[in-house]
Amino acid sequence: MLEYLPEDIRRGLETARKRATRKGSRLCVHVGEQVYPILTLGDTGFTVDMQHVPKLRGLVDIYDGPRHLSHALIIAASEDGQTMTYDFKRESLVSTSQIRDYVEERDTPAGYLATPT
Numbered sequence: 002m003l004e005y006l007p008e009d010i011r012r013g014l015e016t017a018r019k020r021a022t023r024k025g026s027r028l029c030v031h032v033g034e035q036v037y038p039i040l041t042l043g044d045t046g047f048t049v050d051m052q053h054v055p056k057l058r059g060l061v062d063i064y065d066g067p068r069h070l071s072h073a074l075i076i077a078a079s080e081d082g083q084t085m086t087y088d089f090k091r092e093s094l095v096s097t098s099q100i101r102d103y104v105e106e107r108d109t110p111a112g113y114l115a116t117p118t
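Just remember that our numbering sits 1 ahead of the position in the sequence shown, which is counted from 1.
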């Protein structure tokens, strides 16, 4: 259906779609002090807009708003017109709980036995 529209209208619709995707997503990638929006995030990588994000490589941090999700080592995977997809070579999820350096003593019962009737 879009092939019947004039070129300038198609470009305007594409720009509006990208803007809505960027505003709706809180996901971003941090490279040093620079922050770039992520269009899509999956298990194996993420996609960014090539017009607003330079070529990335190396160690990056993935955030969902203020919440730190993961550290990742990325490689460029594929370029698809307006978007660039990066794959995770290694990804380490960030833990929100502190690591304990002691064994927790269990004073509570390990199970519950029902009383016979």
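Just so it is clear, CB atoms sit at the ideal spot from N, CA and C, and this is done for glycine as well.
Item	Value
I75 lies in the beta strand (DSSP E); which residues open and close that run?	R68 to D81
In the DSSP assignment, what are the bridge partners of Q35?	V32
Mapping DSSP to helix, strand and coil, what is I10?	helix
For V49, count neighbouring Cβ atoms within 10 angstroms of its own Cβ and tell me buried if that reaches 16, exposed if not.	buried
Give the C-beta separation of I76 and D88 to the nearest angstrom, bearing in mind that I take them to be a contact with Cβ-Cβ under 8 angstroms.	6 angstroms
Quick one: give me the first and last residue of the beta strand (DSSP E) that T86 is part of.	T84 to L94
Buried or exposed: which applies to I39, given that a residue is buried once 16 or more other Cβ atoms fall within 10 Å of its Cβ?	buried
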